[in-house]
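Oh and the sequence shown: position 274 is 317 in our numbering, straight run, nothing missing.
Note that beta-carbon positions come from the ideal geometry of N, C-alpha and C, so glycine has one too.
Only one structure is covered here, and it is reproduced in the block below.
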Amino acid sequence: MSRRRISAHVHGPVARLGWFLLYAAILLVPLLLTRTVVGDPGLSPGEAIALSSGLVGFSALVVAVVLPARLPRLIATFGIETILTVHRLIALIAVLMVVLHLVAVLIVDPRGLRILNLPSTTWAARAALTSTIALVLLVALAVRRPRRQPRYEGWRLVHNGLVAIVVTTAWLHVWWLRHLIAHWLVAVWFVGSGLLLVALAARRWLWLPIRSRRYAYVVAEVRPVPGDGITLVIRADGHDGLPFEAGQFAWLKIGSTPFVFEEHPFSIASTAEQPERMEFTIKALGDFTELLSALRPGRRVFLDGPYGGFTIEGLDAAPGFVLVAAGVGITPLLSMLRTLADRGDRRRHRLFVAARTEDQLMLRPEIADLRTRLNLKVVEVISDPGPEWTGERGRIDAALLERFLPRRPYRLHYFICGPPSMVVAISQDLAALDVPLRRIHTERFGAV
């Protein structure tokens, strides 16, 4: 594979606008087609609402599926956080449109509630009811997930299964209605949407695993890390490595084949200058990290990636970077610093690291080594310090940042990685210091 870099910053405002227009078209084109091609002046208001809400709801489902489909350029343009946030918003819009469609159909259809009688109703109605029930379950499980905190893989399996049911039965519902696709323009759009979803599914579940097998890695080392973590070191198995950018992440699979379902996303902690050797430092949580700690050298592993726009690439003109981390959020920032050190970067950089106690500060020896290779100022902040701690106390806030930042902080670029509450709070503090939002780059735990 070529070692050329794939910059995440070539996708600027123009690319953002392009993606936005594309998704807006997916949402609105079927509505326009319906009004201009299928629309009947004799339609009642209820029938018009039923028709429009149904097609817009289906379009929203298509967008909601496409958004998290692991398209590298899309993720690099907007970042995984924004994509998943919009994905959830579009899914809610789909639910509202589907509910509106169902209510309108029950009002205008002379069969009334009898349309819901599965033994005697039409196949189109059966598909619609199945899709609606699955969609409601899908959203309910997604809303309950933060509170219940189910096992990630179990939740993901149910989620993906429900998505497949929702999309397939919604497509069949429109197909079995027949009168909509009798018009060739609508039929082209509708069949094209179905082919797009099939192509994305084939790419996700067939092509990406095949690619992962072609560029497999083997375990070189697994070592414990202070702060209740482990570092997994892997080496390319018969190839030059997968090129990545400092700060990006990849999904990691453990098994005899890349077609195993269980996989987890982790930030790459190693330098982007040596893609044939990768490191992942992982917090010891759950069954999967226990599996990682039991790996032995020589075991084959598979990667799907790299992904993400949380990276320093394309920012060579910046006078320096300010990196802010909490806990294992240090990992993508460590990749950035290691990459800068390997490139001989001489700009002045600042690293703020937060933890509850001193023994929870992760990768301190690695950071100490980087201080000898970079013009790097490190500030460690402990919220619950012991009596012997002489460093900064409390939390990283605007007052602490002002003490260590230069007189013109708005000239720097800021990279923040950690729990959502911490990322939001520090982003607001930086905005209060007149740092432009375009210079604040964030990545939150739990986004995926």
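Which residues DSSP lists as bridging residue i, in chain order
i      : result
Glu306 : Its beta-bridge partners do not exist; DSSP assigns none.
Arg505 : Absent from the model: residue 505. The displayed extent of the chain is 44 to 491, so no value can be given.
Tyr457 : Val365 and Ile483
Phe292 : Ser310 and Tyr350
Glu435 : Val424
Asn418 : Arg391
Counted within 10 angstroms of its Cβ, other Cβ atoms place residue i as buried (16 or more) or exposed
i      : result
Ala107 : buried
Trp432 : exposed
Thr372 : The sequence as given places Gly at residue 372; Thr does not occur at that position. With 16 or more Cβ atoms within 10 Å of its Cβ, Gly372 is classed as buried.
Ala398 : buried
His282 : exposed
Thr212 : buried
Ile277 : buried
Phe292 : buried
Ser50  : Low local confidence applies: a pLDDT of 40 at Ser50 is under 50, so the model's placement there is unreliable, with the coordinate-based value given in what follows. Looking at its Cβ environment, which holds fewer than 16 other Cβ atoms inside 10 Å, Ser50 is exposed.
Ser174 : buried
Thr77  : buried
Thr300 : exposed
Val105 : buried
Pro153 : exposed
Pro318 : buried
Trp232 : buried
Asp427 : exposed
Ser255 : buried
Proximity winner among the options, relative to residue i (alpha-carbon distances)
i      : options                           : result
Ala170 : Gly89, Arg154, Leu145 and Ala185  : Leu145
Phe395 : Arg416, Tyr457 and Gly387         : Tyr457
Thr415 : Ile459, Leu114 and Gly387         : Gly387
Pro449 : Pro428, Ser426, Val478 and Ile459 : Val478
Pro462 : Tyr453, Ala369, Asp427 and Arg451 : Ala369
Leu358 : His484, Phe447 and Leu110         : His484
Phe488 : Leu285, Pro375 and Val421         : Pro375
Gly290 : Ile253, His226, Val367 and Ala244 : Val367
Glu306 : Arg343, Phe63, Ala337 and Asp347  : Asp347
Leu74  : Ala103, Ser87, Val344 and Gly61   : Ala103
Ala168 : Arg390, Trp214 and Val72          : Trp214
Val182 : Ala147, Tyr195 and Leu139         : Leu139
Pro88  : Ile150, Ala112 and Arg482         : Ile150
Leu492 : Leu94, Arg381, Ala67 and Ile69    : No answer is possible for residue 492: it lies beyond the span of the chain, which begins at 44 and ends at 491.
Leu98  : Leu114, Leu71 and Ala337          : Leu71
Whole-Å CB distance - residue i paired with residue j, under 8 Å assumed
i      : j      : result
Leu127 : Ile92  : Contact flag wrong, Cβ pair sits at about 30 Å.
Glu401 : Ile425 : 6 Å
Leu377 : Leu417 : Incorrect: roughly 12 Å between the Cβ atoms, too far for contact.
Pro362 : Arg454 : 6 Å
Arg343 : Ala279 : 11 Å between Cβ atoms; not a contact.
Phe302 : Pro252 : 5 Å
Heavy atom of the ligand MN within 8 Å of residue i beta-carbon
i      : result
Gly197 : With respect to the ligand MN, the structure offers nothing, as it holds no ligand at all.
Open item on the list: Tell me whether the region 307 to 324 and the region 219 to 233 touch, counting them as touching only if at least three CB pairs, one residue from each stretch, are closer than 8 Å.
Closed with: The region 307 to 324 is not in contact with the region 219 to 233.
Task: At least 3 beta-carbon pairs within less than 8 Å: the region 349 to 356 vs the region 437 to 444 - done: Taking a cut-off of 8 Å for Cβ pairs, the region 349 to 356 and the region 437 to 444 do not touch, as fewer than three such pairs fall below it.
- [ ] Could you tell me whether the region 405 to 412 touches the region 262 to 274, using the rule of 3 or more Cβ pairs below 8 Å?
- [x] With the cut-off at 8 Å, the region 405 to 412 and the region 262 to 274 touch.
- [ ] May I ask you to verify whether the region 339 to 353 touches the region 107 to 124, counting CB pairs closer than 8 Å and requiring at least 3?
- [x] Yes: the two stretches touch, three or more of their Cβ pairs being nearer than 8 Å.
TODO: Assess, as a yes-or-no matter, whether the region 198 to 211 is touched by the region 153 to 169 under the definition of 3 or more beta carbon pairs within less than 8 Å.
DONE: In short, these stretches do not touch, since the Cβ pair count stays below three.
- [ ] Decide yes or no for the touch test of the region 252 to 265 against the region 128 to 135: beta carbon pairs closer than 8 Å, at least 3 of them.
- [x] Because the criterion of three Cβ pairs below 8 Å is not met, the region 252 to 265 and the region 128 to 135 do not touch.
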